[in-house]
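The next block holds one structure in the form of C-alpha cells; read it before the comments.
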Amino acid sequence: MQWGTAIVEGISSVGDIAYFAYQMFGWMFTRLPRRGTMMVNFYQVGVLSLPVVALTGTFIGMVLAVQSYYQFQAIGLESRLGVVINTSLVRELGPVLAATMLAGRVGGAMAAVLGTMRVTEQIDALTTMGADPIHYLVVPRFLACLLLIPALTVMADFMGIVGGYFYSVIVLGIDRAAYLHHSREGVVGFDLFSGIFKSFFFGGIIAVVSCYRGFNCQPGAEGVGKAATAAFVYSFVLILAIDLFLNIVLDSIYFMIYPEGTMLF
C-alpha cells in the first residue's frame, strides 16, 4: 500500500512540475522580466558561482591526474595523460560538475528564499496585488540558470584542464612539450558542443525543480529546510538521469559524424 501511495504521489508531482514549467514558459514567450531584476539574478547565479566552480574544477583536474598517472606510467603512456584529463572534463565532468555546484549553491538557495516567501505569505501578497509570482520570481531565476550555466561549464572545463596540466607537468614531471602535444588529441569540437548542449538542460531542470520546491514549501522553518534539501537531491538525481539519456543520443550522433571514433592512444 505504501508503494502504491508513493508511486501515485510521484506521478502527481511530475504532473505538478510539468504544469509549473508550462506556466513559466507561457510568461517567457509573452513578457520578459525587467532588466534590473535579470541583472540581480545573473549576478547571484553566475558571478557568485564562479569562484566555487573554478576552484572545484581545478581540483577535479588534479585528481584525474593523480588517479590516472601511475596506470599510464606502467604502460609507458604517461605523456598522453592530458588526453584523458581533457576528454573526461570536456565531455562529462565539466558539465556535471558545474551543474552540481549550481544545484548546491544556487538551487538550494532558490528553494529556501521562495519557501520563506511562501511561509511568510509574500507570494500570496504578490497575487493579491495583481502580480503573477511565477513571472516575477521564477522566470528571472530560470533564465539566469539557463543562460549562465554554459559559461560556468566552460570555466569548469578550463580550470580542470589547467589544474591537470599543472599537476602533471609541475608535480609529476611529465615533459611539457609532449603533454601539450598529446593534449590536443582526442578532443574535437563536437565534444565541447555536447558538453555545453547538456548544460542547458541541467540549468533548466535545476531552476524548475528548485523554484517548484520553494513554491510548494510546507509551513515553518522545518519546511523551508526540507524544501532546500529536496531541491538539491531531486536536481542532482535528474541531472544524472538526463545526462545518461543525452549521452546516449549524443553518442549516436557523434558516431554518425565520426564513424571511426576518436583515437585516444
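Counting along the sequence shown from 1, when you hit position 28 you're at 28 in full-length UniProt numbering, and nothing is skipped either side. No residue lacks a Cβ here, since even glycine has one placed at the ideal position from N, Cα and C. Computed from a predicted model, the values in this text were never measured in an experiment.
8 Å Cβ cutoff met for residue i and residue j
{"i": "Val209", "j": "Val119", "result": "no"}
{"i": "Cys211", "j": "Met101", "result": "no"}
{"i": "residue 315", "j": "Val187", "result": "A query on residue 315 cannot be resolved here, the shown segment of the chain reaching from 1 to 265 and no further."}
{"i": "Ile60", "j": "Gly214", "result": "no"}
{"i": "Cys217", "j": "Gly115", "result": "yes"}
{"i": "Leu152", "j": "Ser194", "result": "no"}
{"i": "Phe190", "j": "Tyr254", "result": "yes"}
{"i": "Ile206", "j": "Ala103", "result": "yes"}
{"i": "Ser88", "j": "His182", "result": "no"}
{"i": "Gly164", "j": "Ala74", "result": "no"}
{"i": "Val52", "j": "Arg105", "result": "yes"}
{"i": "Val96", "j": "Ile196", "result": "no"}
Identity of the residue in the options nearest residue i by Cα
{"i": "Gly203", "options": "Ile123, Gln67 and Ile242", "result": "Ile242"}
{"i": "Leu48", "options": "Phe215, Met256, Ile149 and Phe193", "result": "Ile149"}
{"i": "Pro133", "options": "Val96, Gln23 and Thr58", "result": "Gln23"}
{"i": "Val63", "options": "Met28, Pro51, Val84 and Val45", "result": "Val84"}
{"i": "Glu185", "options": "Gly26, Gly82, Ile205 and Phe29", "result": "Gly82"}
{"i": "Ala112", "options": "Glu222, Ile239, Asp251 and Tyr254", "result": "Glu222"}
{"i": "Gly94", "options": "Ala21, Ala125, Val40 and Ser199", "result": "Ser199"}
{"i": "Gly57", "options": "Gly220, Tyr43, Ala98 and Met256", "result": "Ala98"}
{"i": "Arg35", "options": "Ser252, Val139 and Tyr167", "result": "Val139"}
{"i": "Ala156", "options": "Ala18, Ser12, Leu55 and Tyr43", "result": "Leu55"}
{"i": "His135", "options": "Pro219, Ala21, Tyr70 and Val45", "result": "Ala21"}
{"i": "Asn86", "options": "Phe166, Val237 and Pro259", "result": "Phe166"}
Where residue i sits in the DSSP three-state scheme
{"i": "Ser252", "result": "helix"}
{"i": "residue 284", "result": "This structure cannot speak to residue 284, because the chain is shown only from 1 to 265."}
{"i": "Pro51", "result": "helix"}
{"i": "Leu89", "result": "helix"}
{"i": "Ala125", "result": "helix"}
{"i": "Glu185", "result": "coil"}
{"i": "Thr120", "result": "coil"}
{"i": "Pro259", "result": "coil"}
{"i": "Ile75", "result": "coil"}
{"i": "Pro33", "result": "coil"}
{"i": "Pro219", "result": "coil"}
{"i": "Gly130", "result": "coil"}
{"i": "Ile205", "result": "helix"}
{"i": "Ile170", "result": "helix"}
{"i": "Asp157", "result": "helix"}
Residue-level contact to chain B via CB, residue i, 8 Å cutoff
{"i": "Ile206", "result": "The question asks about chain B, but that chain is absent: this structure has only one protein chain."}
With 16 other Cβ atoms within 10 Å as the buried cut-off, status of residue i
{"i": "Arg91", "result": "buried"}
{"i": "Thr127", "result": "exposed"}
{"i": "Met129", "result": "exposed"}
{"i": "Asp16", "result": "exposed"}
{"i": "Glu121", "result": "exposed"}
At least three beta-carbon pairs within less than 8 Å, the region 226-233 to the region 159-174 | By the Cβ criterion, the region 226-233 is not in contact with the region 159-174, since fewer than three pairs of Cβ atoms, one from each stretch, lie closer than 8 Å.
Tell me, please, whether the region 140-148 touches the region 242-256 by the rule of three or more beta-carbon pairs shorter than 8 Å.
-> Proximity of the region 140-148 to the region 242-256 falls short of the contact definition, fewer than three beta-carbon pairs being nearer than 8 Å.
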